[in-house]
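Visitor: For the record, the sequence lines run as chains E and R.
So the first sequence is residues 1 to 219, counted in the numbering used here.
So the second sequence is residues 1001 to 1251, counted in the numbering used here.
Just so it is clear, CB atoms sit at the ideal spot from N, CA and C, and this is done for glycine as well.
What follows is a single structure, and I will ask about it in a moment.
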Amino acid sequence: VTFWNWEWVGTHLDLVGEQVLEHLWLTFLAVGIGLVLSFPLAIFAYRHPRSYAPVTWITGLLYTIPSLALFALLVPLTGLSTLTAEIGLVSYTLLILIRNIVAGLAAVPDDVKESARGMGLTDRQILWRVELPLALPVVVAGIRIAAVTTIGLVTVTALIGKGGLGALMLGGFRNLYPDIAVLVGVGLSVVLAVIVDGVLLGAQRVWTPWAGTARVTAA
Amino acid sequence: MSEGGFVSELVDWFADPSHWEGSFGIPTRLIEHVITSAVSVGIAAVIALPVGMYIGHTRRLEFLVVSVANIGRAIPSFGLLFLSVLVLGIGLDSPPALRPAVLIALTLLAIPPILTNTYVGVQNVDADTLEAARGMGMTEGQVLGRLELPLAAPLIMAGLRTASVQVVATATLAAVVGGGGLGRFILDGFATGNDPQIVAGALLVGLLAVATETGLSLLQRAVTPRALSKRRIDELRRPGPPPAGAPLPAA
């Protein structure tokens, strides 16, 4: 038996394709639901600065809990299900998204907001027409980090019966599939991360042509 | 199963003395987890700290930091562990806490945050400050040792903290590849359908991760030069004369 078993890959392209789609679907759900939850929380934290510390403390605590531990805590409650996987995956997106949304809103210059108010815009109009569009590059930077992180974490859900490409890795490791499945899983997961990151970056450049992109930042 | 029933099963699991002794007990698994993580972060630091300092100080090979940071973020740690074991073997002749394949995977995982933060910290030091130091006749070694490193210390510690928390989390997965550590409780619980043990393992791993994060945050605060601490900066911004004996602001 050789490691480079391309014949197996060739005859199992449908399996590989299925796992790629599942991987993308789990990632999309997690980042999508994460955004829906993060926006109101971030806007609340931005308007009530006293709530920012507790919000980031709680989401930071969630972020610190290792993924396998979080999934394991949920298994007795929600079983080996997509729900278990998503509760965990969504939890990890919150800190990243909330931080970036708040940072983006906070970076909008005061005089811009003041001119908007002077033009007679209401708070709600200022939020939707001025603050959020100007915050978009930083928000998208957060979505990119959340998406790339989630693509990596989805692989761990293989241990609770999901996993997308993680199922290929685990199956390859446990000899359900040949060894090459591990490499295919890792390789495609990196490719997915690069493509999704690139697509989001491209979208940001189209939506906000006036803004640049962030450089290396500390962890 | 009623809620109360599960909680009491969980309490029973923790109260069972057999879970606290021998090579499968909580203390042994905890020590394995800590040793595996500490050794991996230690090796990563020995590699990434000097490289990050060199690149940050000389501003050469900066593309290396960007590439390592990007690749590190994209590679799934789960798969890295499997690949490492496939290439190197499980290594059953070494103790469960020191399986080479696991240590190498975790080290690779710990390098990007340490390297990035060391580089950013050293590179961020104000150009005027550096010029002043060189003008005063400091050698390059003194500039790095007396200026760049102390000013970069908080960020370097933050990198070590991020790396450590990530490694503690991923060391849980070592149980999947036959290693030791607290992940064993979760994995063995999955295999036998023992829910209290799964949750007990998860709580232990979660506590260790939170303890790591908290402990290293405190250490990070301790290495922050007094001049850079938030309280100190607030103090300097306050109108009126600085308190007696206070050094002048660095900038």
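Counting along the chain, where does the alpha helix (DSSP H) carrying R:I1156 start and finish?
Guide: Residue range 1149-1171 is occupied by the alpha helix (DSSP H) that includes R:I1156.
Visitor: Taking the alpha helix (DSSP H) that E:W57 belongs to, which residues open and close that run?
Guide: 52-64
Visitor: Counting only beta-carbon separations shorter than 9 angstroms, does E:I220 have a partner in chain R?
Guide: No statement about residue 220 of chain E is possible, as the shown extent of chain E runs from 1 to 219 and does not include it.
Visitor: Would E:M119 be called buried (16 or more neighbouring beta carbons within 10 Å of its own) or exposed?
Guide: exposed
Visitor: Is the Cβ of E:G152 closer than 9 angstroms to any Cβ of chain R?
Guide: yes
Visitor: Beta-carbon separation of R:V1223 and R:M1157 under 9 angstroms?
Guide: yes
Visitor: For E:R174, count neighbouring Cβ atoms within 10 angstroms of its own Cβ and tell me buried if that reaches 16, exposed if not.
Guide: exposed
Visitor: Can you check whether the C-beta of E:M119 is within less than 9 angstroms of a C-beta belonging to chain A?
Guide: In the displayed structure, chain A is absent; the protein chains listed are E and R.
Visitor: Going straight from the alpha carbon of E:L97 to that of E:Y177, what length do you get?
Guide: The alpha-carbon separation between E:L97 and E:Y177 amounts to approximately 37 angstroms.
Visitor: Go to E:L113, then tell me how far its alpha helix (DSSP H) extends in each direction, as first and last residue.
Guide: Checking the sequence shown, residue 113 of chain E turns out to be Lys, not Leu. Segment 110-118, the alpha helix (DSSP H) holding E:K113.
Visitor: Does any CB atom of chain E fall closer than 9 angstroms to the CB of R:P1241?
Guide: Per-residue confidence for R:P1241 stands at a pLDDT of 43, beneath the threshold of 50, marking its modelled position as unreliable; the derived number appears in the next sentence. Output row for R:P1241: interface = no.
Visitor: Between the segment 19-37 of chain E and the segment 186-206 of chain E, can you find at least three pairs of beta-carbon atoms closer than 8 angstroms?
Guide: yes
Visitor: So E:T78 and E:I87 are supposed to be a Cβ contact under 8 angstroms. How far apart are they, rounded?
Guide: 7 angstroms
Visitor: Look up E:G87 in the DSSP assignment and say whether it is helix, strand or coil.
Guide: The sequence shown places Ile at residue 87 of chain E, rather than the Gly named in the question. DSSP places E:I87 in helix when its eight states are reduced to three.
Visitor: Could you check where the alpha helix (DSSP H) with R:I1114 kicks off and where it finishes?
Guide: 1100-1123
Visitor: Chain E partners of R:S1217, CB-CB under 7 angstroms?
Guide: What R:S1217 touches in chain E: nothing, since even the nearest Cβ is about 10 angstroms away.
Visitor: Rounded to whole angstroms, what's the CA-CA distance from E:V156 to R:L1130? Just pull it up for me.
Guide: 46 angstroms
Visitor: Using a cut-off of 9 angstroms between C-beta atoms, extract the partners of E:T155 located in chain R.
Guide: P1076, S1077, F1078, G1079
Visitor: Given that R:L1083 touches chain E, what residues does it touch there, using C-beta distances under 8 angstroms?
Guide: V182, L183, V186
Visitor: For R:V1046, count the other beta carbons within 10 Å of its own beta carbon; 16 or more makes it buried, fewer makes it exposed. Which is it?
Guide: Its Cβ having fewer than 16 others within 10 Å, R:V1046 is exposed.
Visitor: The alpha helix (DSSP H) that contains E:D14, what's its start and end?
Guide: 13-47
Visitor: I'd like to check one pair, E:L183 with E:G172: are the Cβ atoms closer than 9 angstroms?
Guide: Yes; because the gap between Cβ atoms is below 9 angstroms, this pair is in contact.
Visitor: Reducing DSSP to helix, strand and coil, say where E:P209 ends up.
Guide: coil
Visitor: Whose C-alpha, out of E:P109, E:D179, E:L170, E:I43, is nearest the C-alpha of R:V1087?
Guide: Considering only alpha carbons, the answer is E:D179.
Visitor: Just checking: is the beta-carbon of E:V51 within a distance shorter than 9 angstroms of some beta-carbon in chain R?
Guide: Strictly speaking, residue 51 of chain E in this sequence is Ser, with Val absent from that position. Not closer than 9 angstroms to any Cβ of chain R, the Cβ of E:S51 fails to qualify, so no.
Visitor: Please report how far the alpha carbon of R:A1097 lies from the alpha carbon of R:T1036, in whole angstroms.
Guide: 5 angstroms
Visitor: Can you list the beta strand (DSSP E) stretches of 3 or more residues lying completely in the segment 160-192 of chain E, in chain order?
Guide: If one requires a minimum length of 3 residues, no beta strand (DSSP E) run lies completely within the segment 160-192 of chain E.
Visitor: Got a sec? Which residues, its chain only, sit under 8 angstroms from R:R1073 by beta carbon, not counting five neighbours each side?
Guide: P1112
Visitor: Mind pulling the chain E residues with CB within less than 8 angstroms of R:V1167?
Guide: Within chain E, no residue comes near R:V1167; the closest Cβ sits about 10 angstroms away, beyond 8 angstroms.
Visitor: Tell whether a beta-carbon distance below 9 angstroms holds between E:K162 and E:L29.
Guide: no
Visitor: What's the gap between the Cα of R:I1071 and the Cα of R:D1016?
Guide: 44 angstroms
Visitor: Sorted by chain position, which residues of the same chain lie with C-beta nearer than 8 angstroms to E:I43's C-beta, five sequence neighbours on each side aside?
Guide: I101, L105, L127
Visitor: Taking the C-alpha atoms as reference points, what is the distance between R:E1062 and R:V1122?
Guide: 12 angstroms
Visitor: With a cut-off of 8 angstroms, do at least 3 Cβ pairs link the segment 38-58 of chain E to the segment 1146-1157 of chain R?
Guide: No, they do not touch.
Visitor: Quick check on DSSP: helix, strand or coil for E:W8?
Guide: helix
Visitor: What are the boundary residues of the alpha helix (DSSP H) that includes R:G1206?
Guide: In the DSSP assignment, R:G1206 falls within the alpha helix (DSSP H) that extends over 1195-1223.
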